[in-house]
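Chemist: Numbered according to mature numbering (1 follows the signal peptide of the UniProt record, and there is no 0), the sequence shown spans residues -23 to -1, 1 to 294.
The beta carbon of each residue, even a glycine, is placed where N, CA and C say it ideally should be.
Got a structure for you, questions after.
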Amino acid sequence: MRLGPRPVALGLLLLCATAAGAGDPDELHYPQGEHRADYDREALLGGQEEVDEYVKLTPEEQHKRLKSIIKKIDLDSDGFLTESELSSWIQMSFKHYAMQEAKQQFVEYDKNSDGSVSWDEYNIQMYDRVIDFDENTALDDAEEESFRQLHLKDKKRFEKANQDSSPGLNLEEFIAFEHPEEVDYMTEFVIQEALEEHDKNGDGFVSLEEFLGDYRRDPTANEDPEWILVEKDRFVNDYDKNSDGKLDPQELLAWVVPNNQGIAQEEALHLIDEMDLNSDRKLSEAEILENQDLFLTSEATDYGRQLHDEYFYHDEL
């Protein structure tokens, strides 16, 4: 069982993925603790076709584009990549591809090509039909009621993202709907949505019990299962920064919004640990080229995808 809030964007889509039996990415990425580079490539290149395209680049062209990317990561142009520079670059890459994906989705959702995505168009793209639930009438079937609740939450997010008087979302508003964590005016909505879902006693905070959700210890067990111990540790050490035993709105935000900064920093440290040959805690171009395959199967190059995107390797970035 996986704890945690429903991701802030497109919860219904993720629910469908879960129902289809999607595996735990961490288990696939690090089976028995071993790093799988092939998983890295396929996961972010998007499939075998894109992986094949990556392989088609000649070694000389790979080398040229990689050197250009290294130069751009090196913000102070001192010839070395630090943890901070690597982390900043990876975070920028995350945001760039999230925005690019949202722009592509916008075109697909905008059925009549009028530059706006209506709520009906969103439904047609997602479900092949317009869905309209009564906001005040619960359904008897538990599964249908769960779907109704998620659909209504997405509708509220859609309405919040819409800042002007028009009925649909323009591109900027659609990005706010898809990625509210990236848009300042959506922050309060994200927090309020999380409180509505997890703050069962309405005190404006999320306690450990509320964080754990419906979990109840087996009365015949002497201790909690391992996954509960892990979640309790995350609550105490990762989220409850002021150690008061509950998550305030800002601490709650750190839980419900994807922690790209932490992921990027972890990957930056991983690269330095693996590639730093002289133990100076930074990477020279020579060290990176010596370990080119490792660098090209990491988040620093988006698992090689940046070598096919002029935004990253072109001289005029």
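(1) Could you compute how far the alpha carbon of D180 sits from the alpha carbon of R193?
(2) State the CB to CB distance for the pair L229 and I168, rounded to an integer number of angstroms; the pair is presumed to be in contact (CB under 8 Å).
(3) Identify the continuous alpha helix (DSSP H) that holds V234 and give its terminal residues.
(4) Drop a sphere of 10 angstroms on the beta-carbon of V94, count the other beta-carbons inside from all chains shown, and report buried for 16 or more, exposed for fewer.
(5) Let me check understanding here. Comparing Cα to Cα, which of G92, Y86, D111, V234 lies closest to Y104?
(6) Pull up the distance between the alpha-carbon of D109 and that of E244, whole angstroms please.
(7) Give the secondary structure of F182 by DSSP, where H, G and I count as helix, E and B as strand, and everything else as coil.
(8) What does the alpha-carbon distance come out to for the pair S256 and I249?
(9) My assumption, with CB atoms under 8 Å, is that F83 sits in contact with R134. Please give the rounded CB distance.
(10) Give a yes or no on whether the minimum CB-CB distance between H128 and chain D is below 7 Å.
(11) Between S64 and Q242, how many whole angstroms is the CB-CB distance? I'm expecting something under 8 Å.
(12) Could you say which of L206, A79, D217, Y162 lies nearest to V183 if we only look at CA atoms?
(13) Compute the beta-carbon to beta-carbon distance between E174 and A79, rounded to the nearest angstrom, for a pair I have assumed lies under 8 Å.
(14) Where does F110 sit, in a helix, a strand or coil, going by DSSP?
(15) Report the residue ranges of all alpha helix (DSSP H) runs contained in full by the segment 145 to 202; include only those spanning at least 4 residues, in chain order.
(16) Whole angstroms is fine: what's the gap from L189's alpha carbon to D97's?
(17) Answer with buried or exposed for V234, where buried requires no fewer than 16 other C-beta atoms within 10 angstroms of its C-beta.
(18) Roughly how many angstroms lie between the CA atoms of E287 and L43, to the nearest whole one?
Modeler: Taking the definition as stated:
(1) In the sequence shown, the residue the question calls residue 180 occupies position 203. In the sequence shown, the residue the question calls residue 193 occupies position 216. Their Cα atoms are separated by approximately 22 Å.
(2) As a first step, residue 229 is located in the sequence shown; it is residue number 252 there, counting from the start. As a first step, residue 168 is located in the sequence shown; it is residue number 191 there, counting from the start. I168 and L229 do touch by the CB rule: their CB atoms are close to 6 Å apart, below 8 Å.
(3) Within the sequence shown, the letter at position 257 stands for residue 234. Counting along the chain, V234 falls outside any alpha helix (DSSP H), and DSSP gives it neither H nor E.
(4) Taking the first residue of the sequence shown as position 1, residue 94 is located at position 117. V94 should be labelled buried.
(5) As a position in the sequence shown, residue 104 is number 127, starting the count at 1. Closest in C-alpha terms to Y104, from the list G92, Y86, D111, V234, comes Y86.
(6) Here the question's residue 109 lines up with position 132 in the sequence shown. Here the question's residue 244 lines up with position 267 in the sequence shown. Cα to Cα, the separation comes out at about 43 Å.
(7) Numbered from 1 along the sequence shown, position 205 holds the residue referred to as residue 182. DSSP, read as helix, strand or coil, puts F182 in coil.
(8) Taking the first residue of the sequence shown as position 1, residue 256 is located at position 279. Taking the first residue of the sequence shown as position 1, residue 249 is located at position 272. The alpha-carbon atoms of S256 and I249 are separated by roughly 9 Å.
(9) Residue mapping note: residue 83 aligns to position 106 of the sequence shown, counting from 1. Residue mapping note: residue 134 aligns to position 157 of the sequence shown, counting from 1. With a beta-carbon spacing of about 16 Å, F83 and R134 fall beyond the 8 Å limit used to define contacts.
(10) Looking for chain D here will not work: only one protein chain is present.
(11) As a working note, residue 64 is residue 87 in the sequence shown. As a working note, residue 242 is residue 265 in the sequence shown. About 5 Å; that satisfies the 8 Å criterion.
(12) Along the sequence shown, one-based indexing puts residue 183 at 206. Taking only the C-alpha atoms, the option nearest V183 is D217.
(13) If you number the sequence shown from 1, residue 174 lands on position 197. If you number the sequence shown from 1, residue 79 lands on position 102. Contact between E174 and A79 fails: their C-beta atoms lie close to 24 Å from each other, not under 8 Å.
(14) Position 133 of the sequence shown, counting from 1, holds the residue named residue 110. DSSP, reduced to helix, strand and coil, places F110 outside both helices and strands of the structure shown, so it counts as coil.
(15) Listed in chain order, the complete alpha helix (DSSP H) runs (minimum 4 residues) inside the segment 145 to 202 are 148 to 155, 164 to 175, 185 to 189.
(16) Translated into the one-based positions of the sequence shown, residue 189 becomes position 212. Translated into the one-based positions of the sequence shown, residue 97 becomes position 120. C-alpha separation (whole angstroms): 36 Å.
(17) Against the sequence shown, residue 234 aligns to sequence position 257. Buried, by the Cβ-count rule.
(18) Here residue 287 refers to the residue found at position 310 when the sequence shown is read from its first residue. Here residue 43 refers to the residue found at position 66 when the sequence shown is read from its first residue. E287 and L43 have their alpha carbons spaced roughly 12 Å apart.
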